[in-house]
Structures are given as C-alpha cells and as structure tokens.
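So the sequence shown is residues 509 to 860, counted in my numbering. So the structure is just underneath, and the comments pick up after that.
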Amino acid sequence: GKIEKQLKKRAVVLYLPGPILDTLPMVALGILAVSAVLFEGGKATILPLLLTFLLALQRLSGRLKGTSATITSFVDNSARMVRLETILDQRDKVFEHSGTERFTGLREDIEFKSVSLSYSNDDTFALKNLTFTLPRNKVTALVGESGAGKSSIVDLFIGLYQPTAGDIVVNSRPLADYHLEDWRRDIGVVSQDTFIFNDSILENLRYGRPSASFDDVVEAAIAAQAHTFILALPDGYETVVGERGYKLSGGQRQRLALARALIKQPEILILDEATSALDSESEKLIQQALEQFQKERTVIVIAHRLSTIAEADQILVLERGEVVEHGTHKSLLHQGERYARYWKLQSSQVAA
509 GKIEKQLKKR AVVLYLPGPI LDTLPMVALG ILAVSAVLFE GGKATILPLL LTFLLALQRL
569 SGRLKGTSAT ITSFVDNSAR MVRLETILDQ RDKVFEHSGT ERFTGLREDI EFKSVSLSYS
629 NDDTFALKNL TFTLPRNKVT ALVGESGAGK SSIVDLFIGL YQPTAGDIVV NSRPLADYHL
689 EDWRRDIGVV SQDTFIFNDS ILENLRYGRP SASFDDVVEA AIAAQAHTFI LALPDGYETV
749 VGERGYKLSG GQRQRLALAR ALIKQPEILI LDEATSALDS ESEKLIQQAL EQFQKERTVI
809 VIAHRLSTIA EADQILVLER GEVVEHGTHK SLLHQGERYA RYWKLQSSQV AA
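Right under this line is the structure:
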C-alpha cells in the first residue's frame with residue numbers, strides 16, 4: 509500500500525548511501541594503485557595527488573552519511589512541521605480561555621453535548637460528536653486503545669483546549685463561562701507522568717495545597733500508602749528527593765503524586781493510570797484508600813488494567829474519538845463486544 513511504499517523510500521534514503529560511501533574509498537584506492545603504475549612519472553608526480561584525493565574522499569564520506577540521515581529526519585518530521593505551522597498561523601488562537609463566572613462547587617451532573625475536538629484546521633478529529641453524562645459523585649472510567657481519545661477528554665475537561673464544536677455543561681452553564689483558576693482549584697489530577705520537584709517531600713506534597721498543615725500532609729500520605737516509606741528515608745518528610753525525584757522509585761513517585769492530589773481535597777478527581785507504576789500489593793492498598801476517598805466525589809478514571817475499574821459506576825469505551833460502548837462492568841461483559849474482548853484478553857494474560 510501507500511504506507512509500505514513510503515517506508516521503502518525512507519529506507520532507501522537512510523540506508524543506501526552508507527554502503528556506497530563505504531565502498532568509494534576502496535574504489536579510489538584501486539584507482540590509485542592502477543594510476544601509479546600506468547601514468548608516466550609514477551610515484552613521483554601522481555601518487556601524492558591521489559593520496560590527497562583519497563584522504564579528502566574519506567573525510568567527505570562521513571559528512572555525506574550525516575547528510576543522508578539529516579534528510580531522512582527532515583522527511584520524518586515534515587508532517588509535524590505542517591501541523592505546527594497550521595497552529596502558528598491561526599490568528600484567533602486562545603491558549604487558555606478563561607470566563608468570568610466563579611465556580612463555587614458542583615451541584616449537578618456534568619454533560620458533554622455533541623463535543624468534537626480537532627487539534628488542527630483540517631478535518632482530522634481527536635473527538636467526534638461526543639454526548640454523555642458524568643454523574644456527580646460517581647466514578648466514570650474511560651477505556652480504549654492508545655489514541656482512542658481518553659486523554660483528549662481530560663484535556664478539554666481541565667481547560668487545556670476548547671471544544672471545536674459542542675459544549676461541556678457544568679451546573680447548567682458551558683464550562684467556558686467559568687474562571688479557569690476557580691474550576692481547576694476543585695480538580696485533582698494524578699497522571700502516569702509524575703513530576704517531582706527538587707525539594708523536600710513535605711514541600712512536594714504541599715504543592716497541591718500550600719496552606720496545608722503538617723498533620724494534613726501526613727494524613728494524605730497515609731491514605732496514599734506513602735507514609736511508611738517516607739519515614740524510612742534519611743530525613744523523613746524533610747528528605748530532598750532530587751531533580752524529578754530521581755532518588756525515588758517509580759512506585760514511590762506515584763504514591764507521592766496521589767498524596768499530593770488527596771491533600772488538595774478536590775471535588776473532582778482525575779486518575780490517569782494512577783497506579784500503573786505500583787506493584788500488586790501497593791495497588792491493592794491504594795485502591796482500598798481510593799474507595800474511601802472517592803465517596804462524595806466525582807471521579808474520572810483512565811485505565812488500561814481493567815481490573816482497577818471493574819467497580820466503576822459507569823464505563824465508557826472509546827474508539828477513534830467516539831463512544832462505542834457504555835455501561836457497567838457486568839452489563840458490558842454481558843454484551844460481549846469490545847469491552848468483553850479487552851477483559852478476556854487481559855484475564856488470559858494474567859493467567860499465563
């Protein structure tokens with residue numbers, strides 16, 4: 509197909525110059541030997557010139573190899589550059605839209621009404637005409653393969669982007685009407701990419717709520733199953749963890765991120781693969797802690813491990829930016845479609 513042809517062209521540009529340029533010095537060496545014998549004057553006149561030519565050719569071959577790699581890299585990135593140019597050319601772009609209404613708490617279900625999202629000006633949509641409800645004080649799980657649109661929904665929800673079409677309705681008003689700072693103050697996010705500052709654990713946890721007392725920090729750390737390992741560190745809560753938390757394991761960083769979100773006491777909690785870096789025992793303990801914390805909160809969970817969202821109040825199965833299935837764990841298994849296939853596949857992998 510078309511993709512196969514493009515990959516073949518890429519391989520030719522990237523790999524063919526190497527053997528040719530490696531062979532050229534040997535060919536030149538052969539010409540050198542023959543010329544030294546055939547030309548009148550021999551070694552006295554021709555040999556130095558040919559040696560100079562051979563040395564120059566050897567140096568040039570390395571540069572030409574680098575040029576071929578640069579051309580290939582340019583071709584690989586040309587599509588990204590076109591997309592970036594489209595964004596930069598937009599005259600009316602809004603990096604962070606913020607309304608004027610104050611958000612004082614969630615009183616109703618959140619509704620996505622015919623929401624579409626395109627990151628560019630073409631007809632490529634990350635989300636297509638989504639209509640669903642996020643029930644207040646309930647857990648909603650988003651399931652789907654990579655690129656299905658799960659993260660795009662979260663991006664819209666926290667105000668990183670505005671819908672290309674449709675509205676997200678909060679308390680009977682479009683989300684765009686609310687002041688972003690107010691809205692985000694009531695949202696806690698725990699993602700799979702945890703950023704830890706080069707500071708003490710105490711200050712890293714307080715980043716979620718700078719006014720939190722030490723007791724508040726400890727309470728959140730206990731709930732996130734982080735208190736025990738923190739006390740085992742040389743300076744406890746005053747331990748400086750290094751740039752991006754390099755002194756900690758992946759699981760420890762993840763637990764700190766969870767504690768940071770818990771200390772904020774958010775009304776809305778977003779868990780994006782929040783337990784992905786944990787071992788089975790830690791994951792089980794944190795799931796138990798989350799069950800308590802999720803009560804009286806609106807929760808959105810993105811998960812690849814379906815066992816972590818089996819108790820969700822509703823599950824949305826996404827595919828290519830559209831909701832293709834919707835229901836509880838039991839009802840979706842009973843339907844026997846995509847979710848049931850995902851569950852069966854993961855169950856068989858665990859059993860193996």
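Glycine residues also receive a C-beta, built at the ideal position from the N, C-alpha and C atoms.
field: Same chain, Cβ closer than 8 Å to F722, neighbours up to 5 away in sequence not counted
entry: Closer than 8 Å at the Cβ level, and outside the excluded window around F722, lie L710 and Y745.
- prompt: What residues are listed by DSSP as bridge partners for P682?
  reply: DSSP lists V677 as partners of P682.
message: So, under 8 Å CB-CB, P643 and D617 are touching, yes? Tell me the CB distance rounded to an integer number of Å.
response: About 5 Å; that satisfies the 8 Å criterion.
query: Is K803 helix, strand or coil when you go by DSSP?
result: Coil at K803, not helix or strand.
Buried versus exposed, by CB contacts within 10 Å (16 or more), R813: It is exposed - the Cβ of R813 has fewer than 16 other Cβ atoms within 10 Å.
message: Helix, strand or coil for L758? Go by DSSP, reduced to three states.
response: Just to set this straight, residue 758 is Gly in the shown sequence, not Leu. In the three-state reduction of the DSSP assignment, G758 falls in the helix class, which pools H, G and I.
- prompt: Taking the alpha carbon of V647 as the point to measure from, which residue in E827, D821, T836 and L826 has its own alpha carbon closest?
  reply: Closest by alpha carbon: D821.
- prompt: In chain order, what residues of the same chain lie with their CB nearer than 7 Å to the CB of L770, ignoring the 5 residues before and after it?
  reply: Closer than 7 Å at Cβ, skipping near neighbours: A728, A731, A732 and F801.
field: Boundaries of the beta strand (DSSP E) in which V697 is found, first to last residue
entry: For V697, the enclosing beta strand (DSSP E) has its first and last residue at I695 to V698.
message: Let's test the definition: count the other Cβ atoms within 10 Å of the Cβ of L592 and tell me whether it reaches 16, buried, or not, exposed.
response: Result: exposed.
- prompt: Taking Cβ positions, are A734 and L779 nearer each other than 8 Å?
  reply: At a Cβ-Cβ threshold of 8 Å, A734 and L779 do not count as neighbours.
Cutoff 7 Å; reference A848; Cβ partners in own chain excluding five residues on either side: L840 and L841.
- request: Using DSSP bridges, identify the partner residues of H834.
  value: L824, per the DSSP bridge assignment.
field: Counterpart residues of L777 in DSSP-defined beta bridges
entry: L777 is bridged to G696 and V807.
Best match in A656, L853, E609 and E791 for proximity to V831 [C-alpha to C-alpha]: Comparing alpha carbon positions, the residue from A656, L853, E609 and E791 closest to V831 is A656.
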